[in-house]
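Structure first, then comments.
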Amino acid sequence: MTDNENKRENEDGSNNEKTNEIENVSRRKFLKSSGIAAGGVVGGALLGSLLGNPFKSEPSTKVQPLSIDYGETRQFFKRKSDFDILNFATETIYPEDEHGAGAMNLGVPYYIDKQLASPWGQNAEDYMRKPFIKKDQTSLNRGEVFLRGLRKLNEVAQKEHEDEFKNLEEEKQIELLKKFEADEVEMEFVSSAYFFELLRQTTLEGCYCDPMYGGNKNMEGWKMKEFPGARLSYTDYVEEEDFVALDPVSLKTQTQ
Amino acid sequence: MVKRMDKVDVVTVGVGWSGGIVASELSKAGFKVVGLERGAESSVEDYVSSKDDVRYRQRLEMMEKLNKSTFTTRRSIDEEALPIRNKMSIKIGTDVGGGGSHWAAQTHRYFPYDFEIRSQTIERYGEEKIPDWMTIQDWGITYDELEPYYDTFEKTMGISGEEDPLAAPRSSPYPTPPLKKTAVMRLFEEATKKLGYHPFVIPGGTLSEKYENPDGQVINACQYCSFCERFGCDFGAKADPVITVIPTAKETGNFELRTHSEVKRVLYEGDKATGVLYVNTLTGEEYEQPADVVVLTSYTFNNTKLLLLSEIGKPYDPKTGKGVIGKNFTDHHTSPGIKGLFKDRKFNRFISTGMLGSVITDFAADNFDHTDVDFIHGGHVEAREGGNMPIETNITPEGTPSWGKEFKKESLYYHNRHVSFFLQRASMPHKENYLDLDPTYKDDYGDPLLRITNDFTENEHKMDEFLLEKGDEIMKEMGASETQLNYVEHFDGNLAYQHNSGGVIMGDDPETSAVNNYMQMWDMNNLFVCGASAFPHFGTSNPTLTLGALTYRATEGIIDYLNNGEGQLLKTESKEEKV
Ligand SMILES: Cc1cc2nc3c(=O)[nH]c(=O)nc-3n(C[C@H](O)[C@H](O)[C@H](O)COP(=O)(O)OP(=O)(O)OC[C@H]3O[C@@H](n4cnc5c(N)ncnc54)[C@H](O)[C@@H]3O)c2cc1C
Ligand code: SF4
Numbered sequence: 000m001t002d003n004e005n006k007r008e009n010e011d012g013s014n015n016e017k018t019n020e021i022e023n024v025s026r027r028k029f030l031k032s033s034g035i036a037a038g039g040v041v042g043g044a045l046l047g048s049l050l051g052n053p054f055k056s057e058p059s060t061k062v063q064p065l066s067i068d069y070g071e072t073r074q075f076f077k078r079k080s081d082f083d084i085l086n087f088a089t090e091t092i093y094p095e096d097e098h099g100a101g102a103m104n105l106g107v108p109y110y111i112d113k114q115l116a117s118p119w120g121q122n123a124e125d126y127m128r129k130p131f132i133k134k135d136q137t138s139l140n141r142g143e144v145f146l147r148g149l150r151k152l153n154e155v156a157q158k159e160h161e162d163e164f165k166n167l168e169e170e171k172q173i174e175l176l177k178k179f180e181a182d183e184v185e186m187e188f189v190s191s192a193y194f195f196e197l198l199r200q201t202t203l204e205g206c207y208c209d210p211m212y213g214g215n216k217n218m219e220g221w222k223m224k225e226f227p228g229a230r231l232s233y234t235d236y237v238e239e240e241d242f243v244a245l246d247p248v249s250l251k252t253q254t255q
Numbered sequence: 000m001v002k003r004m005d006k007v008d009v010v011t012v013g014v015g016w017s018g019g020i021v022a023s024e025l026s027k028a029g030f031k032v033v034g035l036e037r038g039a040e041s042s043v044e045d046y047v048s049s050k051d052d053v054r055y056r057q058r059l060e061m062m063e064k065l066n067k068s069t070f071t072t073r074r075s076i077d078e079e080a081l082p083i084r085n086k087m088s089i090k091i092g093t094d095v096g097g098g099g100s101h102w103a104a105q106t107h108r109y110f111p112y113d114f115e116i117r118s119q120t121i122e123r124y125g126e127e128k129i130p131d132w133m134t135i136q137d138w139g140i141t142y143d144e145l146e147p148y149y150d151t152f153e154k155t156m157g158i159s160g161e162e163d164p165l166a167a168p169r170s171s172p173y174p175t176p177p178l179k180k181t182a183v184m185r186l187f188e189e190a191t192k193k194l195g196y197h198p199f200v201i202p203g204g205t206l207s208e209k210y211e212n213p214d215g216q217v218i219n220a221c222q223y224c225s226f227c228e229r230f231g232c233d234f235g236a237k238a239d240p241v242i243t244v245i246p247t248a249k250e251t252g253n254f255e256l257r258t259h260s261e262v263k264r265v266l267y268e269g270d271k272a273t274g275v276l277y278v279n280t281l282t283g284e285e286y287e288q289p290a291d292v293v294v295l296t297s298y299t300f301n302n303t304k305l306l307l308l309s310e311i312g313k314p315y316d317p318k319t320g321k322g323v324i325g326k327n328f329t330d331h332h333t334s335p336g337i338k339g340l341f342k343d344r345k346f347n348r349f350i351s352t353g354m355l356g357s358v359i360t361d362f363a364a365d366n367f368d369h370t371d372v373d374f375i376h377g378g379h380v381e382a383r384e385g386g387n388m389p390i391e392t393n394i395t396p397e398g399t400p401s402w403g404k405e406f407k408k409e410s411l412y413y414h415n416r417h418v419s420f421f422l423q424r425a426s427m428p429h430k431e432n433y434l435d436l437d438p439t440y441k442d443d444y445g446d447p448l449l450r451i452t453n454d455f456t457e458n459e460h461k462m463d464e465f466l467l468e469k470g471d472e473i474m475k476e477m478g479a480s481e482t483q484l485n486y487v488e489h490f491d492g493n494l495a496y497q498h499n500s501g502g503v504i505m506g507d508d509p510e511t512s513a514v515n516n517y518m519q520m521w522d523m524n525n526l527f528v529c530g531a532s533a534f535p536h537f538g539t540s541n542p543t544l545t546l547g548a549l550t551y552r553a554t555e556g557i558i559d560y561l562n563n564g565e566g567q568l569l570k571t572e573s574k575e576e577k578v
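So the sequences go chain by chain: A and B.
Per numbering that gives the first Met the number 0, the very first residue in the first sequence carries number 0; after that it's consecutive.
Per numbering that gives the first Met the number 0, the very first residue in the second sequence carries number 0; after that it's consecutive.
Below you can see the structure in the form of C-alpha cells.
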C-alpha cells in the first residue's frame, strides 16, 4: 500500500484520508499534481516571515532525550518489552521536532494501551464469524495484531541488526517500519501492512484525540494543528475572511 | 413459542426518517401505528457532550454494530463475496432516528430529468446513448407530481437554502434562509461565477435560524460547531426524526414505539400481508405483530433482505435480467474529490456544519449538452467545509510520505491551508450490480447475510474524469498552489454514508419494478416499501430528501388504501386494478 491509496472523500467534505484500517486496498488514488500555480510562487523564507510561519526548514533536532514514561498503569500490555517497542514505533511515525512533541510525549502509547483494552481492541463490534480466507480479513483481534506486530518488529530488528527495535538508530527504525508498511514482512494470520496501518492510525488518533483519552497531552497536538478542539459554537467567526486563532478547548469543560 | 400481539392498523419496520414519516402521518390521520425498531430509544440528551472525535467519528458510536450481522461484498458475479467485518466500511444508522440522527443533512431535490431519465435521454440523444448494460428506467412519477411532497418534507425539516438557479420550479421558497458563507465559499463563488457557472449555498437541515415546523416541533439555530456528521446535535439544531416526526407521532397518542424489536420476516397469506415476525433483541423472544398494512422502512439493505427472506416478489437474476427484488443496486457515495493546497493562505477550516458549503450543478443531470460526452447524467462540484477533524485531516503535497518527519511537518502546515471539493455524482445501475442472499455467511439468527455485488461502471469513470477536469479548473481559479485529484477506480467493499439505492425499485410496470409510485408492492397490495430502495438509479445528490418525499406520498396512498378498500392504488390504463 502506498501513501495515497488509503484515501477517499468524506461525506461532509472533510479530508479524504480513509481512517479505517485496511480491509481492502484496491481503491486506487491517482494523483495528478498541477504543480505551483503561476503567480503563486513566493519565496519560502519571505513567506515565512510574512505569515509568521513557525515552520523553519532547519533540520530537526530532538529537543530532549526521549525516555519512556512508566508512570501510568497499563491496561492492555503486560510485558514491558512490548510497551517499549510501542513507544519507539509510534515515535518513529510521529516524531518530536521543532514544531512540538512527538508521539511519546503526547501520551500516544497509553492512548493505544487503553484502546486495545477497550471493546474496540477486542473487536467486540466487528463481524468475527468464520471462515477467514484472506489475511486482510484477519481472525485476530486488534490487541492480538498489536502484540504479534510489535514482537515481529523486534524479531526483524534482531535478525537484521542484532539489536532490539528500541535501541536502533532512527534511520534503521524507519527502514524497518517501511518494510511492514510495504507488506514485505511475513506474518502469520495477518499481513504486516495491516498491522502497520493499525499502528499508524492509532498513533495519529493518540496525537489528536481529546486529551480525556490519554493522548494529545496538554492539547499539544491540537495546538500544533491550530485546531480549537471541542468548542460549542463558531457562529461569531463563520464569516471571517482571515484566520482566527483560538485556544483549544477539551471536552472536559463540557462534561461536568 | 411466538407471542401474538393485538392487531393494529399499520406496523412500520424501522424508525428513522421514513419510519418516522409513516408514523407521524398515519397517526395524525387517526390510525393506530406500531413502530418496531431494532435499536435503542434515543433523545437529544444522548447528544450532549458528544463533541468527541474518537468515539463518534472514529469508532462510530451511532452506527450499526456488525457483530450480529453484516453484509458480504464482491465486485462481479463470478467472485466469492467476503463479509464486511469492520463498521468503518459500512456506516449505517441504528437506534431510533436511524441515519437521520447522525447525517450531514444536505438536501438537494432531484432534477426532473432523474424521474424520466430513460425517455428524456432517448428523446434528446437517441436510444444508442444508453449502453446495453445500463438498466435505467423512468421512475413512474414526474418531478411535478413529487414537488408537493418535496415541499412538505422541506417544511418538516425547516431546510435552510438558497435556490439553485438551474433547478426546477419550487412551489414555495426554502423555509429558512441559507447558512452563512465562509471565506472558502466566497472564494468558490467568485471563481465559479468568473468561469460562467451558477454557484449557490448548499441547502440542508442544519438550520440558519430557529424554526417551528407545521407540526409544531421546534428546531434551533445551528452553532457551526463542526461536530455534526456522524454526531447527534446537542443544540437540537439539526433536522432529525428524534426531534420532529417521532415526537409528532407520539403526541397523537396513536403511535407505539417498540425498541429492541428486530423484524425477521413479513408474514402473509396468499398475496396479502398479515403482519411481521420480530425478535426482542434483549431476550430472544419472538413476537407476531398483525396489521392491516405493513410498511418496510428499514433502509435499502434491510428492506431488500426482508423481502428476499420472506420470499415476496421475484428475486432478480443478473444472468437473465428477469425478476426485480435486488435489482438496480447502486453505491453512490464513493465519489471523486479534489484537494487544493494553498501555500500562502489560511482558512478557518475548523468551522462547519454537516453540510456547509457552496456548489454548482452546471454539470449535473442533463443541465448541459451530453452530445459530445460519453456518459449520461453528471455531478456537482461542491466546495465543502468539513470541520477539519484533526485525526483524519492530514493534507500533504504530492509525494510526501504518510508518516514520519516530513509528514508531520507538511500535515501541520497545510492543516488550515487547503480547500476540499467533493464531486457528488449520479450512479447509473448496471445489470450485474445487484443484491441477493449470501450462500456462505450467516447472521446471529442463522439467516444468510445480504450479498452486495457491485463495481463502478464506465459511465462513472468517464463522468469522474470530466468532473475532475472541471473541478480542477475551478480550484486553480481559486488560487490553489497545488491540486490533487482523487479518482475512484473500483468498488472496494467500502460502503459509505448510507447512499445506497435499489433492490425494491419503483416504476410503472410490474415486470421491471417492485413497487408503484405509492411505494406499494405490485405483488402485495397491503405491503409498502419506503426508502432509497425504491430509486431505480441514484441521482447526483444525497438521497434523504427524495426518499422522504416519496414516503410522504406513500402515506397518502396508505391512508387511501385503509379508507377505500384493498386494491392497487395506481390507476393507469395499462394496469388492471385489483379491487
Ligand atoms: C454519516 C452519514 C451522513 C449522511 N449524510 C447525509 C446527507 O447529508 N444527506 C442525505 O440526504 N443523506 C445523508 N445520509 C443518508 C441518510 O442517513 C439516509 O438516507 C437516511 O437515514 C435513510 O432513512 P431511512 O429511514 O430510509 O433509513 P434509516 O435512517 O437507516 O432508518 C432505518 C431504521 O430501521 C432500523 N432497522 C433496520 N432493520 C431493521 C429490522 N430488521 N427491524 C427493525 N428495525 C430495523 C434501523 O435501526 C434504523 O433505525 C448520511 C448517512 C450517513 C451514515
Ligand atoms: S454544526 Fe450545527 S447542526 Fe451540526 S451539531 Fe453543530 S450546532 Fe448542531
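Here a beta-carbon is modelled for each residue, glycine too, at the ideal position from N, C-alpha and C.
The structure displayed is predicted, hence computed values, not measured ones.
Alpha-carbon to alpha-carbon, residue j and residue i
i: residue 190 of chain B; j: residue 71 of chain A; result: 53 Å
i: residue 261 of chain B; j: residue 327 of chain B; result: 26 Å
i: residue 43 of chain A; j: residue 300 of chain B; result: Unreliable positioning characterises residue 43 of chain A in this predicted model, as indicated by a pLDDT of 32, which lies under 50. A coordinate reading is not provided.
i: residue 97 of chain B; j: residue 449 of chain B; result: 19 Å
i: residue 195 of chain A; j: residue 87 of chain A; result: 14 Å
i: residue 244 of chain A; j: residue 413 of chain B; result: 15 Å
i: residue 92 of chain B; j: residue 61 of chain B; result: 6 Å
i: residue 208 of chain B; j: residue 318 of chain B; result: 52 Å
i: residue 32 of chain A; j: residue 334 of chain B; result: Because the pLDDT at residue 32 of chain A is just 31, under 50, the model does not fix this residue reliably, and the value given afterwards should be weighed accordingly. Going by the C-alpha atoms only, they are around 19 Å apart.
Opposing strand residues paired with residue i [DSSP bridges]
i: residue 224 of chain B; result: B:351
i: residue 579 of chain B; result: For chain B, the structure presents residues 0 to 578; residue 579 of chain B sits outside this window and is missing.
i: residue 499 of chain B; result: B:330
i: residue 94 of chain B; result: Bridge partners of residue 94 of chain B: none, in fact.
i: residue 537 of chain B; result: B:426
i: residue 82 of chain B; result: B:71
i: residue 159 of chain B; result: B:175 and B:203
Neighbour flag for residue i against chain B, beta carbons, 8 Å
i: residue 94 of chain A; result: yes
i: residue 123 of chain A; result: yes
i: residue 210 of chain A; result: no
i: residue 128 of chain A; result: yes
i: residue 109 of chain A; result: no
i: residue 173 of chain A; result: yes
i: residue 189 of chain A; result: no
i: residue 160 of chain A; result: no
i: residue 148 of chain A; result: no
i: residue 218 of chain A; result: no
i: residue 72 of chain A; result: no
i: residue 199 of chain A; result: yes
Residue of the options minimising C-alpha distance to residue i
i: residue 192 of chain A; options: A:137, A:217 and A:227; result: A:137
i: residue 394 of chain B; options: B:374, B:404, B:416 and B:332; result: B:416
i: residue 532 of chain B; options: B:355, B:380, B:294 and B:413; result: B:294
i: residue 336 of chain B; options: B:371, B:378 and B:63; result: B:378
i: residue 79 of chain B; options: B:451, B:175, B:306 and B:14; result: B:451
i: residue 225 of chain A; options: A:159, A:231 and A:246; result: A:246
i: residue 81 of chain B; options: B:70, B:242, B:381 and B:274; result: B:70
Start and end residues, beta strand (DSSP E) containing residue i
i: residue 12 of chain B; result: 7–12
i: residue 483 of chain B; result: 481–485
i: residue 274 of chain B; result: 271–279
i: residue 289 of chain B; result: 285–295
Below-8 Å beta-carbon distance, residue i vs any chain A residue
i: residue 121 of chain B; result: no
i: residue 318 of chain B; result: no
i: residue 45 of chain B; result: no
Under 8 Å by beta carbon: chain E residues contacting residue i
i: residue 346 of chain B; result: Reference to chain E is not applicable here, since the protein chains of this structure are A and B.
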